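Presented below is the structure to which this report refers.
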Amino acid sequence: MAFSFLVRTRGRGRFDLADWLTWAYLVLAVLLMFGPVLWVLLSSFKTEAALQEYPPTFLPVAPVTATVEGYDEPLQLFRVTAGEHEGRVLAQVRRIGLMSQMVDPADPAQKFQVNINDRVPERELALATENYSVLFERFNFGLYFWNSVFITVVATIITVLFNSMAAFALSKYKFRGRTLVFVLIVATLMIPPTVNLVPIYLVVSQIGLVNSPWGVIWPAVATPTGVFLLRQYMLTIPDDLLDAARMDHASEWKVYWRIVLPLSAPALAVLVIFSVMWRWNEFLWPLIVLNRSEQFTLQLALNSFQGDLQTSWAPLLATTVLTLLPITLVFAVLQKYITTGIAQSGVK
Amino acid sequence: MAIVELEKLVKDYGKVRAIHGVDLRIEDGEFCVFVGPSGCGKSTLLRMIAGLEEISGGELRIDGERVNEQRASERGLAMVFQTYALYPHMTVRQNLAFGLENIKTPKDEIARRVAEAARMLQIEAYLDRRPKQLSGGQRQRVAIGRAVVREPRVFLFDEPLSNLDAELRVTMRGEIASLHQRLGNTMIYVTHDQVEAMTMADKIVVLRDGRIEQVGSPLDLYNEPRNSFVAGFIGSPRMNFLDAVVETVNERSVVVRDASGARFETSVDGAGLEPGAAVSLGVRPEHVTFGADGGKPVTVQTIEQLGGNSYLHCVAEDGASLAAHLPGQTAIRRGDAVNVVFRPDFTHLFRKADGVAQKRLVVGEAVS
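These protein sequence lines map, in sequence, to chains D and A. The first sequence lines up with residues 12 to 359 when you count with the numbering used here. The second sequence lines up with residues -19 to 348 when you count with the numbering used here.
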């Protein structure tokens, strides 16, 4: 079935030009979007040494070493590509200028001189899983992860609740000035977030929320995008359903909670995805509000790997991968809701 | 026990007045039908009674108690919507139970009432399905069931059958009527279909432009319409109207002459009529008869033979058109020239100026 899906054509019969172009376009898009992600993923399994290597390799490979009798340290293996020893695999003892002194691991007594341009390092696939384990042992990854999860989950719940209540009122109640209120809310989209930064910080610090996750959560929960999205969706829920619920003794809260909210599930799912992405990936605002490292979110922790003088690439990449995972999962779970509309089905 | 009283009920939408002071009393256990053309305010009136529309003026009483200020959820009424308005995310069982859960009915009581309503409406087999898995007629039953389980004081129906196909509509019509007989509750039913009104109602309220035109039993409205609007609205096909002038006013009848010079005698009270007054002569299609001479000469334009009934559409030389309904089949053919004659006790007379009917002295339908 998957195969027939892949070879579907535009019209009947064979692949025509449009099909090939579609394929080329989609493959290109996949490469553009997933290439960097794949690169990060593979690189996160490279050792620090492999990361520094130039030219970089795509797969996480590490130089092969061998313990040779008479030498304390393991020696790196090279394949000789030219000269009298061409084709042999030798261990390098030391390098002197352009020449490298090598021994045969099988016969350590004999030494060879090989030009460094005539040899390539032997490599093998090696997953540096210690990049990940070190996160938990040395970097307190668990704490940052918990901080991020707490802020994301709590902020998303509050966002969905507040925005849906606003959207419910704006879509289902008729009151004087309702258009004005709606336009005002949407108009705030035009104010760049950077303009708000200082005033919001002043408010947050006055309330004493600096260095608290709530300082990140509260300013973020009222989103004009969310109100707009939910209102537009709720407009499609027939008023008759609400009236029917009212005739069924439902209070306005119950109408909202039992009827409107479940029927807005597709729109809520979209908002949940957005909100999770926004909060999870948010960097600038937490950077300003959270100064103590025990309050750091993952994004701030990532930033702290990058020092002025040196960057610890291996843990940075590993953390990046772990940071990507939850959001991918949320998207995978909720994406089917985006395309499902269940509101219309009970009417007519 | 539920008597619904409307006193000078008014509804304004901004500056536009939709309902102009309606007075009405619906007795306990009565099946009352609001009927009228679209936009006449019948649904608005129903929604005002339900509590879904605010009342701008006047008073609404249920069992003598003023309920203007009560919310829809507090009035103890149940409503069946034209769109059914079943909650799409709940199963049929949950749909039925929702209202009872909201008033904190004990669980076993809910189960009992749901089972009873489901049996009565024959929807037991679908209790665990979602509304979208049901057909139109089944959804309609569920919608009615949702009202029935609540055991409300008054049932409100807002054009519940207009989304069903013709055959199902007839079946459901019967079911609602028998439901009324079994439960005996007061029911208020809105429709634009006068056949539904005639077949189901104890009392019909004919509305036009937010005003009550006439209230009465189906046959009262049919036999003695108060004006030409009600006369035209009740009855199918609609009543024929011929423009005429009064020739003589007798003690027991009025003689009128139409544009073609044909004379008709009609058994109505001539009070307030002077010879020469412009009037409208009304005669129902089923009371049009054909004669060899006398009456009004017309040409048959179309004939619909349904086997059991025949419908003829005739045009007179003066441009007046007439519909006739004959029982059985007819030998008359298209293009035939015939004379139409009306029995005096089967005709209605309306004043041209305001459409008000002259009182009928002999009601032919009631006599024969």
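Note that beta-carbon positions come from the ideal geometry of N, C-alpha and C, so glycine has one too. Keep in mind that this is a model prediction, so the values were computed, not measured.
Minimum C-alpha distance to residue i - residue among the options
{"i": "residue 91 of chain A", "options": "A:130, A:-14, A:69", "result": "A:130"}
{"i": "residue 283 of chain A", "options": "A:275, A:277, A:295, A:274", "result": "A:295"}
{"i": "residue 81 of chain A", "options": "D:198, D:313, D:258", "result": "D:258"}
{"i": "residue 197 of chain A", "options": "A:305, A:10, A:-1", "result": "A:10"}
{"i": "residue 273 of chain A", "options": "A:242, A:254, A:286, A:250", "result": "A:242"}
{"i": "residue 200 of chain A", "options": "A:184, A:302, A:337", "result": "A:184"}
{"i": "residue 133 of chain D", "options": "D:91, D:172, D:306", "result": "D:91"}
{"i": "residue 169 of chain A", "options": "A:-8, A:248, A:42, A:6", "result": "A:6"}
{"i": "residue 157 of chain D", "options": "D:306, D:313, D:346, D:322", "result": "D:306"}
{"i": "residue 297 of chain D", "options": "D:118, D:231, D:174", "result": "D:231"}
{"i": "residue 181 of chain D", "options": "D:195, D:269, D:324, D:21", "result": "D:195"}
{"i": "residue 118 of chain D", "options": "D:283, D:217, D:82, D:106", "result": "D:82"}
{"i": "residue 280 of chain A", "options": "A:286, A:287, A:270, A:289", "result": "A:270"}
Rounded separation between residue i and residue j - CA only
{"i": "residue 256 of chain D", "j": "residue 266 of chain D", "result": "6 Å"}
{"i": "residue 213 of chain D", "j": "residue 238 of chain D", "result": "25 Å"}
{"i": "residue 65 of chain A", "j": "residue 52 of chain A", "result": "16 Å"}
{"i": "residue 166 of chain A", "j": "residue 160 of chain A", "result": "8 Å"}
{"i": "residue 352 of chain D", "j": "residue 144 of chain A", "result": "Unreliable positioning characterises residue 352 of chain D in this predicted model, as indicated by a pLDDT of 43, which lies under 50. The coordinate reading is nonetheless provided below. If you take the alpha carbons of residue 352 of chain D and residue 144 of chain A, they lie about 24 Å apart."}
{"i": "residue 252 of chain D", "j": "residue 183 of chain D", "result": "11 Å"}
{"i": "residue 252 of chain A", "j": "residue 237 of chain A", "result": "18 Å"}
{"i": "residue 143 of chain D", "j": "residue 329 of chain D", "result": "6 Å"}
{"i": "residue 80 of chain D", "j": "residue 66 of chain D", "result": "32 Å"}
{"i": "residue 206 of chain A", "j": "residue 55 of chain A", "result": "34 Å"}
{"i": "residue 149 of chain A", "j": "residue 103 of chain A", "result": "17 Å"}
{"i": "residue 342 of chain A", "j": "residue 229 of chain A", "result": "16 Å"}
{"i": "residue 298 of chain A", "j": "residue 221 of chain A", "result": "13 Å"}
{"i": "residue 244 of chain A", "j": "residue 301 of chain A", "result": "16 Å"}
{"i": "residue 187 of chain A", "j": "residue 22 of chain A", "result": "7 Å"}
{"i": "residue 246 of chain D", "j": "residue 179 of chain D", "result": "9 Å"}
{"i": "residue 24 of chain A", "j": "residue 33 of chain A", "result": "7 Å"}
{"i": "residue 164 of chain A", "j": "residue 42 of chain A", "result": "16 Å"}
{"i": "residue 93 of chain D", "j": "residue 130 of chain D", "result": "7 Å"}
{"i": "residue 141 of chain A", "j": "residue 185 of chain D", "result": "29 Å"}
{"i": "residue 354 of chain D", "j": "residue 70 of chain A", "result": "Any reading at residue 354 of chain D needs caution, since the residue's pLDDT is 40, under 50, leaving its predicted position unreliable; the model's value is listed next. Distance between the alpha carbons of residue 354 of chain D and residue 70 of chain A: 11 Å."}
{"i": "residue 58 of chain A", "j": "residue 289 of chain A", "result": "40 Å"}
{"i": "residue 293 of chain A", "j": "residue 179 of chain A", "result": "26 Å"}
Where the beta strand (DSSP E) through residue i begins and ends
{"i": "residue 73 of chain D", "result": "72 to 74"}
{"i": "residue 303 of chain A", "result": "301 to 307"}
Test: residue i CB closer than 9 Å to a CB of chain A
{"i": "residue 277 of chain D", "result": "no"}
{"i": "residue 210 of chain D", "result": "no"}
{"i": "residue 180 of chain D", "result": "no"}
{"i": "residue 262 of chain D", "result": "yes"}
{"i": "residue 224 of chain D", "result": "no"}
{"i": "residue 265 of chain D", "result": "yes"}
{"i": "residue 356 of chain D", "result": "Bear in mind that the predicted position of residue 356 of chain D carries a pLDDT of just 37, short of 50, making it unreliable; the figure below should be weighed with that in mind. Chain A, which has a Cβ nearer than 9 Å to the Cβ of residue 356 of chain D, makes this yes."}
{"i": "residue 241 of chain D", "result": "no"}
{"i": "residue 359 of chain D", "result": "Note on residue 359 of chain D: pLDDT 34, under 50, position unreliable in the model; the coordinate value appears next. It does: the Cβ of residue 359 of chain D has a partner Cβ on chain A nearer than 9 Å."}
{"i": "residue 274 of chain D", "result": "yes"}
{"i": "residue 189 of chain D", "result": "no"}
Min CB distance residue i to chain D below 9 Å
{"i": "residue 27 of chain A", "result": "yes"}
{"i": "residue 118 of chain A", "result": "no"}
{"i": "residue 260 of chain A", "result": "no"}
{"i": "residue 14 of chain A", "result": "no"}
{"i": "residue 62 of chain A", "result": "yes"}
{"i": "residue 159 of chain A", "result": "no"}
{"i": "residue 180 of chain A", "result": "no"}
{"i": "residue 53 of chain A", "result": "yes"}
{"i": "residue 167 of chain A", "result": "no"}
{"i": "residue 152 of chain A", "result": "no"}
{"i": "residue 59 of chain A", "result": "yes"}
{"i": "residue 126 of chain A", "result": "yes"}
{"i": "residue 121 of chain A", "result": "no"}
{"i": "residue 313 of chain A", "result": "no"}
{"i": "residue 340 of chain A", "result": "no"}
Delimiting residues of the alpha helix (DSSP H) encompassing residue i
{"i": "residue 200 of chain A", "result": "198 to 203"}
{"i": "residue 37 of chain D", "result": "28 to 54"}
{"i": "residue 307 of chain D", "result": "Segment: none, residue 307 of chain D is in no alpha helix (DSSP H) and carries neither H nor E."}
The ligand ADP heavy atom lying under 8 Å from the CB of residue i
{"i": "residue 162 of chain A", "result": "This structure lacks the ligand ADP, and indeed carries no ligand of any kind."}
Inset, instruction - Could you run through the stretch 64 to 83 of chain A and flag, in chain order, every residue whose CB is less than 8 Å away from some CB of chain D? - result: Residues 64, 65, 66, 67, 68, 69, 78, 79, 82, 83.
Inset, instruction - Using a Cβ-Cβ cut-off of less than 8 Å, list which residues of the stretch 245 to 256 of chain D approach chain A; keep chain order. - result: Contact annotation: in the stretch 245 to 256 of chain D, residues whose CB is within less than 8 Å of a CB in chain A are 249, 251, 252, 254, 255, 256.
Legend entry - Near-chain D residues of the stretch 28 to 40 of chain A - C-beta to any C-beta below 8 Å: The stretch 28 to 40 of chain A vs chain D, Cβ under 8 Å: 30, 31, 32.
Inset, instruction - Would you list, in chain order, the members of the stretch 95 to 116 of chain A that have their beta-carbon closer than 7 Å to a beta-carbon of chain D? - result: Within the stretch 95 to 116 of chain A, the residues whose Cβ lies closer than 7 Å to some Cβ of chain D are 111, 112, listed in chain order.
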